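Reading through the structure tokens given below for one structure.
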Amino acid sequence: MSRRIAIFDTTLRDGEQSPGASMNAEEKLVIARQLIRLGVDVIEAGFPVFSPGEFRAVQEIGQLAGDSCVVCAMARTTKQDIDAAAEALKTAKRPRINLGIGVSQVHLTQKLGMSEDECLACISEMVAYAKGLVPDVQFYAEDAGRANRDFLVRAVQAAVDAGATVIDLADTTGYCLPDEWAAAMRAVVEGVRGIENVTLSVHAHNDLGMATANTIAGVRAGATQVECTINGLGERAGNAALEEVVMAIAVHGELLDAHTDIKTTELMRASRLVSRITGMSVQSNKAVVGTNAFAHSPGVHQDGVLKAPEIYEIMDPAEVGAVGSEVILSARSGRAALSSRLSDLGYEFEDAEFEDVYQLFLEMADQKKEVYDEDLESIIQERERDVTAVYTLNALQIQCGDPLVPTAVATITDEVGVKHVVSATGTGPVDASYKAIDRVVAVHGDLTEFAVKAITRGIDAIGEVVVRVTADDGMVYVGRGSDNDIIVSAAKAYVNAINRMIQTSRARNGR
Ligand code: MN
112 MSRRIAIFDT TLRDGEQSPG ASMNAEEKLV IARQLIRLGV DVIEAGFPVF SPGEFRAVQE
172 IGQLAGDSCV VCAMARTTKQ DIDAAAEALK TAKRPRINLG IGVSQVHLTQ KLGMSEDECL
232 ACISEMVAYA KGLVPDVQFY AEDAGRANRD FLVRAVQAAV DAGATVIDLA DTTGYCLPDE
292 WAAAMRAVVE GVRGIENVTL SVHAHNDLGM ATANTIAGVR AGATQVECTI NGLGERAGNA
352 ALEEVVMAIA VHGELLDAHT DIKTTELMRA SRLVSRITGM SVQSNKAVVG TNAFAHSPGV
412 HQDGVLKAPE IYEIMDPAEV GAVGSEVILS ARSGRAALSS RLSDLGYEFE DAEFEDVYQL
472 FLEMADQKKE VYDEDLESII QERERDVTAV YTLNALQIQC GDPLVPTAVA TITDEVGVKH
532 VVSATGTGPV DASYKAIDRV VAVHGDLTEF AVKAITRGID AIGEVVVRVT ADDGMVYVGR
592 GSDNDIIVSA AKAYVNAINR MIQTSRARNG R
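The structure is reproduced here in structure tokens:
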């Protein structure tokens with residue numbers, strides 16, 4: 112049997128640090144559910160000391176995961192961080208603290224102001240401290256890619272000696288080339304006493320487009336845990352993409368002497384879900400999960416694929432869940448058909464909730480004849496947005512055209528239930544409706560990105576609008592809205608972004 116590679120997913124921690132990709136606790140839970148379906152071995156759920164919202168997300172994911180996977184919380188090398196992580200992980204059956212410190216010269220001198228010996232002492236003390244709280248302690252060596260090799264070995268030795276169960280080497284800045292990175296990892300494998308008794312892990316970033324290559328180089332150098340995110344989300348250019356790493360191991364399992372236990376047919380759904388929730392769209396030529404990943408242009412290639420798919424395909428699209436089921440629902444589909452489709456898609460509802468979803472489904476089926484899986488997902492997400500809203504857009508009336516002055520009249524309910532009717536004119540219908548909304552909401556943000564796309568095919572497709580709103584403090588918030596009318600979608604998306612801005616600031620302040 113080949114080596115089993117554990118998949119450590121950090122979409123909810125490193126991925127969530129992507130500018131604009133912040134998620135609330137409810138959204139994190141929705142993604143966590145899909146990660147569990149996917150069969151990941153570890154979910155890094157957050158950084159508890161950072162905010163009460165992060166703390167709660169780790170607690171809830173711990174509860175949700177049960178026995179199905181390890182739930183991990185991040186900490187820096189301070190007792191306060193480690194205490195918060197241990198406390199948040201109390202709900203988890205299989206808790207792990209992931210703590211670490213920078214080990215490169217630039218981190219030691221510029222960031223930490225520590226000598227090498229002070230750093231080693233800190234590692235020994237903090238790993239031992241964490242070990243006293245939780246048995247499973249992972250040590251991450253930040254910026255290992257630019258660290259002095261000898262010091263890297265000594266730092267890892269200190270962590271192993273103090274009882275770390277997992278050693279994660281991080282090329283935090285995405286600096287290394289694959290062979291250079293593999294050499295750093297081998298230096299640790301060869302130089303650290305007792306390394307064979309711990310799990311070796313690799314954490315690569317994509318600043319030079321080499322995250323997946325470096326992760327696979329790490330596996331070849333001896334790593335049996337890989338850290339990655341759905342769609343390669345993460346700080347700056349992102350982390351190694353889970354779907355790429357998993358499929359590279361699947362395609363080259365023999366050569367790598369490795370396999371994972373990921374249910375690959377769930378990859379596409381995971382990708383779509385994360386893209387929707389974070390508002391970070393997936394480029395069409397993205398490996399494995401892009402819309403073009405298995406598309407062949409007419410002519411020679413198409414002809415080849417028809418003769419034998421393996422001529423141009425190294426993976427079967429069905430294996431990654433890229434072949435959408437063609438189950439189409441309509442207004443004539445009853446409750447049983449909807450319920451069975453929803454459970455195939457992984458959604459379970461209580462009776463009252465289901466009735467609510469069924470009514471929304473009927474409304475949609477009235478407006479468009481064919482309801483696809485993506486439409487169902489948009490109904491559910493739209494409903495989840497309503498449940499957590501501070502402000503709700505009840506109605507929007509627009510007048511526009513040439514030579515009319517674009518005018519919007521909006522009805523908005525605030526969280527105490529007061530209805531506001533407001534109107535404004537603008538340079539276009541979207542501008543007018545946003546100005547009307549601004550008259551009610553108590554916060555300010557600048558619209559920095561606006562994108563509209565059809566969720567499914569056909570002229571009657573649901574239009575989804577994604578906006579990015581930048582708050583006065585520079586934080587970016589993504590808002591989404593979907594409707595048959597794209598101006599209504601645009602207004603819903605803006606209200607959604609405003610709601611997230613308010614909820615995030617409340618979570619920070621502990622409310
Ligand atoms: Mn990282």
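Offset between the sequence shown (1-based) and the numbering used here: plus 111. Virtual Cβ for every residue (Gly too), placed ideally from N, Cα, C. Quick caveat: nothing in here was measured; it's all calculated off a predicted structure.
| request: Go through its chain and collect everything with a Cβ distance to Val181's Cβ below 6 Å, but skip five positions before and after it. | output: Closer than 6 Å at Cβ, skipping near neighbours: Val153, Arg205, Arg207.
| task | Put Gln145 into one of helix, strand or coil per three-state DSSP. | result | Note: Gln145 maps to helix in three-state DSSP.
| query | Would a C-beta distance cut-off of 8 Å place Ser226 and Thr615 closer than the cut-off? | reply | Not closer than 8 Å, so no.
| query | Any heavy atom of the ligand MN within a distance shorter than 7 Å of the CB on His412? | reply | No, the beta carbon of His412 sits no closer than 7 Å to any heavy atom of the ligand MN.
| request: Report yes if the C-beta of Glu138 is less than 7 Å from at least one heavy atom of the ligand MN; otherwise report no. | output: No, the beta carbon of Glu138 sits no closer than 7 Å to any heavy atom of the ligand MN.
| query | Does the ligand GDP have even one heavy atom less than 7 Å from the beta-carbon of His218? | reply | Absence of the ligand GDP is noted for the structure shown, with the ligand MN being the only ligands found.
| What number of angstroms, rounded off, separates the C-alpha of Gln174 from the C-alpha of Glu165? | Whole-angstrom Cα-Cα distance: 14 Å.
| query | Can you find a heavy atom of the ligand MN that lies under 7 Å from the Cβ of Asn209? | reply | Asn209 Cβ: outside cutoff for every heavy atom of the ligand MN.
| query | Between the beta-carbon of Leu311 and the beta-carbon of Val300, is there less than 8 Å? | reply | For Leu311 and Val300, yes; Cβs fall inside 8 Å.
| message | Just verifying my parser: in three-state terms, what is the DSSP assignment at Arg622? | response | With a pLDDT of 48 at Arg622, under the threshold of 50, the modelled position of that residue is not reliable, and no figure is offered here.
| field | Whole-angstrom distance between Leu140 and Ala258, CA atom to CA atom | value | Taking the straight line joining both Cα atoms gives about 36 Å.
| task | Select from Thr538, Ala521, Val527 the residue whose C-alpha is nearest the C-alpha of Gly512. | result | For the set Thr538, Ala521, Val527, the Cα lying nearest the Cα of Gly512 is the one of Thr538.
| query | Would a C-beta distance cut-off of 8 Å place Glu467 and Ala442 closer than the cut-off? | reply | The question names Glu, but residue 467 in the sequence shown is Asp. Against a cut-off of 8 Å, the Cβ pair of Ala442 and Asp467 comes out as no contact.
| said: For Ala117, tell me which candidate among Leu200, Lys190, Cys339 has the shortest Cα-Cα distance. | reply: Looking from the CA of Ala117, the closest CA among Leu200, Lys190, Cys339 belongs to Cys339.
| Under the three-state DSSP convention, the category Ile609 falls into | Ile609 falls in the helix class under three-state DSSP.
| request: Hey, could you find the ends of the alpha helix (DSSP H) Ile523 is sitting in? | output: That residue, Ile523, is in no alpha helix (DSSP H); its beta strand (DSSP E) goes 518 to 524.
| Any heavy atom of the ligand MN closer than 7 Å to the CB of Ala156? | No, the ligand MN has no heavy atom inside 7 Å of this Cβ.
| Does the ligand MN have even one heavy atom less than 7 Å from the beta-carbon of Glu346? | The answer is yes for Glu346.
| task | Using the DSSP secondary-structure output, state which residues sit across from Asn101 in a beta bridge. | result | Residue 101 is absent from the model: the chain starts at 112 and stops at 622.
| request: With a threshold of 16 other CB atoms inside 10 Å of the CB of Gln413, please say whether the residue is buried or exposed. | output: Counting Cβ neighbours within 10 Å, Gln413 comes out exposed, since fewer than 16 surround it.
| Any non-hydrogen atom of the ligand MN closer than 7 Å to Thr56 Cβ | Any question about residue 56 goes unanswered here, given that the chain covers just 112 to 622.
| query | According to DSSP, is Leu507 helix, strand or coil? | reply | DSSP, read as helix, strand or coil, puts Leu507 in strand.
| message | Out of Val245, Leu487, Met358, which one is the CA nearest neighbour of Gly432? | response | The shortest C-alpha separation from Gly432 is found at Met358.
| request: Could you round the C-beta distance between Ser113 and Gly364 to whole angstroms and report it? I think they count as a contact, below 8 Å. | output: Confirmed, about 6 Å.
| Collapsed DSSP secondary structure at Lys530 in the structure displayed | Reduced to three states, the DSSP call for Lys530 is strand.
| query | Given 8 Å as the limit, is there contact between the segment 120 to 139 and the segment 242 to 262, that is, 3 or more CB pairs closer than that? | reply | No, the segment 120 to 139 is not in contact with the segment 242 to 262.
| Buried versus exposed, by CB contacts within 10 Å (16 or more), Lys480 | Exposed, since its Cβ has fewer than 16 Cβ neighbours within 10 Å.
| task | Indicate whether Val533 and Val551 have their beta-carbon atoms separated by less than 8 Å. | result | Contact flag set, yes.
| request: State yes or no: is the C-beta of Asp316 nearer than 7 Å to some heavy atom of the ligand MN? | output: The sequence given here has His at residue 316, not Asp. Because some heavy atom of the ligand MN lies under 7 Å away, the Cβ of His316 counts as near it: yes.
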